[in-house]
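Protein chains in written order, with the UniProt record's numbering: chain A, 1 to 100; chain B, 1 to 640. Every residue, glycine too, gets a C-beta built ideally from N, C-alpha and C. What follows is one structure encoded as structure tokens, with my remarks underneath.
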């Protein structure tokens with residue numbers, strides 16, 4: 001069953017509904033949604049991240065769209081993806097977890 | 001964003017890391033999940049949770065624990081699966097295997113997905129086998145190559161192939177999935193479990209059906225693949241070698257040298273046809289074929305002897321209705337075998353002996369064929385190889401002329417020798433060496449020989465004639481009671497028989513004294529004359545198989561035969577006698593002592609092979625010269 005959107009839920013329970021394409025920037029999420037078996041995520045189109053806080057998840061999602069927008073772009077003027085130093089470490093951990 | 005500036009940078013929290021039982025607990029959760037996946041019961045599981053557990057284990061340096069746990073769980077699972085598959089038979093065995101294979105693939109993919117973080121980090125850093133490949137490896141080791149499955153799988157697959165070739169309809173889709181599985185498990189698995197046995201089975205199948213066209217198609221097909229023909233060639237060479245090896249080392253085959261060589265010729269014909277009809281006369285295939293033949297023909301040390309015996313058989317008897325052209329074809333084929341021989345000098349030795357016998361006994365069927373073969377040998381091995389053989393032919397021809405001249409000279413002088421003398425003058429050195437053992441010729445013959453001596457030396461000064469009485473033959477007219485027979489005997493036997501013109505009974509020692517025949521030859525000659533039942537012009541007293549120096553011999557006036565002409569064949573001498581000789585002095589010997597003793601006694605003549613001695617011993621047991629000790633099997637007892 002093809003999906004256009006998926007729901008990502010942060011540790012605090014904040015729900016983000018984003019494009020399926022964007023979510024798939026994370027290999028981990030793509031696997032969760034497309035794995036052979038009928039895991040709950042695949043069935044519900046929803047992934048809960050009990051270890052990722054809302055701001056980190058939000059920033060991550062922003063990155064998904066940023067990546068999607070520019071990864072095949074030919075323009076030389078790709079804007080910088082700004083990361084606030086305070087969240088840099090946590091964001092790095094999340095990126096590692098999500099393989100994105 | 002700045003409103004959330006209250007968030008401090010602090011070490012990432014791992015709330016579970018404090019628990020010392022953390023790895024065990026986490027692994028248990030994962031293991032349970034893997035079991036659920038194997039049971040096709042994954043729908044209740046949260047991918048994120050499992051992924052996170054695995055992620056945390058690896059992150060906290062429990063990657064090893066996770067990886068080994070996975071191996072153990074998979075192994076246990078697959079062993080169980082293997083047991084389930086084993087219980088099925090035939091096609092449902094394949095179906096079961098395929099079903100579990102599909103399940104295994106699916107579940108391994110899921111496991112790989114949830115353990116993806118481990119694949120990405122731990123496996124990559126530690127250079128382990130990634131999860132999915134690990135799944136294939138374990139499947140290969142515990143299912144496909146498990147003892148109870150591997151053999152069956154091969155048999156069932158080959159059986160299906162065979163059935164289809166015989167016209168049955170088979171489940172091709174199932175067949176394809178299984179072979180695809182073997183391919184997925186790696187080229188080596190496909191080759192070992194299917195391709196190699198399949199090609200062997202195909203080779204023997206097409207060999208039987210002579211489906212040259214199919215082999216031709218195979219050739220064309222494999223030619224398109226890189227290294228394809230090399231594989232076919234190696235397969236063919238291995239097949240030929242193995243079959244050939246079995247052929248030449250089969251003790252049954254060695255019993256009849258002519259059959260042995262005929263079998264080799266047939267093999268060669270068969271493969272030659274395949275190479276020319278199906279493999280487009282491919283030189284590399286022909287080379288491979290020749291190398292394979294060279295390999296196995298030389299595995300049997302007696303091949304040179306057998307090939308010479310085969311030629312002897314053909315040239316001696318001549319095939320009924322075989323004309324020169326056919327003979328030529330046979331000889332050409334035998335020459336091809338000859339080319340494979342590494343020990344051509346051994347062949348020459350035997351060939352010389354066999355040729356000598358043919359020439360001296362006048363049993364060559366065709367002079368042309370003999371010469372023809374000689375030319376072939378000369379082309380193959382050069383002048384040196386055949387010069388002595390050629391000089392043998394010359395001797396025979398010259399002797400024929402000499403005898404004619406000798407007879408006409410006798411007629412001129414009006415001399416009647418009272419018997420027909422045939423002399424063949426042989427050049428020393430050209431003929432197989434025979435220790436000359438002169439014997440005293442009967443007086444009638446002595447005059448003849450003297451006459452010839454005078455004649456020959458009168459024509460050729462400076463030459464020396466030595467009479468090889470151990471090589472000649474004679475035909476005697478004998479009366480047994482009222483019956484008349486013509487006996488064909490050796491010169492030595494003739495000397496013995498002529499003694500009985502003046503006596504009815506002679507002792508061994510009297511015969512020995514009158515003839516001066518050396519002991520071994522004399523015993524053999526007497527054995528031939530007196531111990532072959534139904535064909536004995538003499539009787540031995542006491543009766544028995546062996547001749548002793550205390551025996552006495554009596555003229556056998558009861559001799560009968562349906563035929564007017566009787567050939568007294570000479571009892572085979574050689575190694576048997578030697579084995580016996582070693583034994584008689586001891587009565588009871590153990591196996592090793594016999595081997596040592598025989599080897600010692602024969603050391604002067606040749607080095608006997610222990611296996612050969614063993615064979616001779618077995619033959620002696622068969623003919624009741626020896627028996628095994630009933631208590632100690634290593635002991636042999638001589639039966640007098």
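Close-in-space but distant-in-sequence residues of the same chain around residue i (CB under 7 Å, 5 per side omitted)
| i | result |
| --- | --- |
| residue 90(B) | 156 |
| residue 197(B) | 154, 158 |
| residue 271(B) | 240, 289 |
| residue 384(B) | none |
| residue 41(A) | 32, 33, 47 |
| residue 418(B) | 444 |
| residue 142(B) | 75, 78, 79, 82 |
| residue 55(B) | 117 |
| residue 442(B) | 495, 498 |
Close beta carbons around residue i, own chain, < 6 Å, minus the five adjacent residues each side
| i | result |
| --- | --- |
| residue 629(B) | 635, 637 |
| residue 3(A) | 20, 45 |
| residue 333(B) | 265 |
Counted within 10 angstroms of its Cβ, other Cβ atoms place residue i as buried (16 or more) or exposed
| i | result |
| --- | --- |
| residue 280(B) | exposed |
| residue 662(B) | An answer regarding residue 662(B) cannot be provided, because it is not within the stretch 1 to 640 covered by chain B. |
| residue 584(B) | Residue placement at residue 584(B) is flagged as unreliable, the pLDDT there being 47, under the threshold of 50; the coordinate-derived value follows with that caveat. Under this definition residue 584(B) is an exposed residue. |
| residue 652(B) | Since the first residue shown for chain B is 1 and the last is 640, residue 652(B) is missing from the structure and cannot be characterised. |
| residue 564(B) | exposed |
| residue 505(B) | exposed |
| residue 649(B) | Residue numbering for chain B in the displayed model covers 1 to 640; residue 649(B) lies beyond these limits and cannot be assessed. |
| residue 123(B) | buried |
| residue 573(B) | Per-residue confidence for residue 573(B) stands at a pLDDT of 49, beneath the threshold of 50, marking its modelled position as unreliable; no derived number is given. |
| residue 404(B) | exposed |
Reference residue i, options the options, closest by Cα
| i | options | result |
| --- | --- | --- |
| residue 66(B) | 486(B), 243(B), 489(B), 111(B) | 111(B) |
| residue 24(A) | 12(A), 11(A), 46(A) | 46(A) |
| residue 474(B) | 371(B), 445(B), 461(B), 460(B) | 445(B) |
| residue 359(B) | 370(B), 349(B), 350(B) | 370(B) |
| residue 127(B) | 60(B), 82(B), 64(B), 180(B) | 64(B) |
| residue 88(B) | 175(B), 152(B), 214(B) | 152(B) |
| residue 55(A) | 100(A), 98(A), 87(A) | 87(A) |
| residue 399(B) | 456(B), 83(B), 375(B), 136(B) | 456(B) |
| residue 60(A) | 5(A), 95(A), 14(A) | 95(A) |
| residue 515(B) | 440(B), 570(B), 212(B), 122(B) | 440(B) |
| residue 340(B) | 167(B), 306(B), 298(B) | 298(B) |
| residue 42(B) | 108(B), 75(B), 81(B), 94(B) | 108(B) |
| residue 644(B) | 100(B), 181(B), 161(B) | Residue 644(B) cannot be examined here, being either before or after the span of chain B that is shown, 1 to 640. |
| residue 132(B) | 104(B), 150(B), 143(B), 199(B) | 104(B) |
| residue 421(B) | 406(B), 85(B), 414(B), 429(B) | 406(B) |
| residue 295(B) | 276(B), 122(B), 81(B), 247(B) | 247(B) |
| residue 244(B) | 230(B), 255(B), 261(B) | 261(B) |
| residue 521(B) | 469(B), 533(B), 486(B), 202(B) | 469(B) |
| residue 534(B) | 512(B), 525(B), 517(B), 562(B) | 562(B) |
| residue 48(B) | 91(A), 89(A), 82(A), 11(A) | 11(A) |
Contacting residues, own chain, Cβ-Cβ under 8 Å from residue i (five flanking each side not counted)
| i | result |
| --- | --- |
| residue 53(B) | 26, 29, 30 |
| residue 366(B) | 315, 318, 324, 327 |
| residue 548(B) | 508 |
| residue 99(A) | 26, 27, 28 |
| residue 15(A) | 7, 8, 9 |
| residue 67(A) | 25, 100 |
| residue 45(B) | 33, 36, 37 |
| residue 167(B) | none |
| residue 121(B) | 58, 63 |
In DSSP terms, what residue i is bridged to
| i | result |
| --- | --- |
| residue 336(B) | None, per the DSSP bridge assignment. |
| residue 485(B) | 478(B) |
| residue 19(A) | 5(A) |
| residue 590(B) | 635(B) |
| residue 49(A) | DSSP lists no partner for residue 49(A). |
| residue 554(B) | 505(B), 539(B) |
| residue 566(B) | 487(B) |
| residue 90(A) | Partner(s): none; residue 90(A) has no beta bridge. |
Self-check item: Members of the segment 34-45 of chain A that neighbour chain B once the beta carbon cut-off is set at 8 Å
Solution: Within the segment 34-45 of chain A, the qualifying residues are 35, 36, 37, 38, 39, 40, 41, 42, 43.
Exercise. Compile a chain-ordered list of the residues in the segment 193-225 of chain B whose CB is closer than 8 Å to at least one CB of chain A.
Key: The residues in question: there are none.
Quiz item: According to a CB-to-CB cut-off of less than 8 Å, which residues of the segment 7-37 of chain A neighbour chain B?
Solution: Listed in sequence order: 27, 28, 31, 32, 35, 36, 37.
Exercise. Could you please tell me which residues of the segment 108-137 of chain B, in chain order, have their CB closer than 7 Å to any CB of chain A?
Key: Within the segment 108-137 of chain B, those residues whose Cβ lies closer than 7 Å to any Cβ of chain A are, in chain order, 109, 110, 113, 116, 120.
Exercise. Select from the segment 86-99 of chain A all residues with a C-beta closer than 8 Å to any C-beta belonging to chain B, and list them in chain order.
Key: Hits within the stretch, in order: 86, 87, 88, 89, 90, 93, 97, 99.
Quiz item: Taking any Cβ of chain B, which residues in the segment 48-80 of chain A have a Cβ under 8 Å from it, in chain order?
Solution: Here the close residues are 48, 49, 50, 51, 55.
Practice problem: Would you list, in chain order, the members of the segment 171-193 of chain B that have their beta-carbon closer than 9 Å to a beta-carbon of chain A? | Solution: Listed by position along the chain: nothing, the set is empty.
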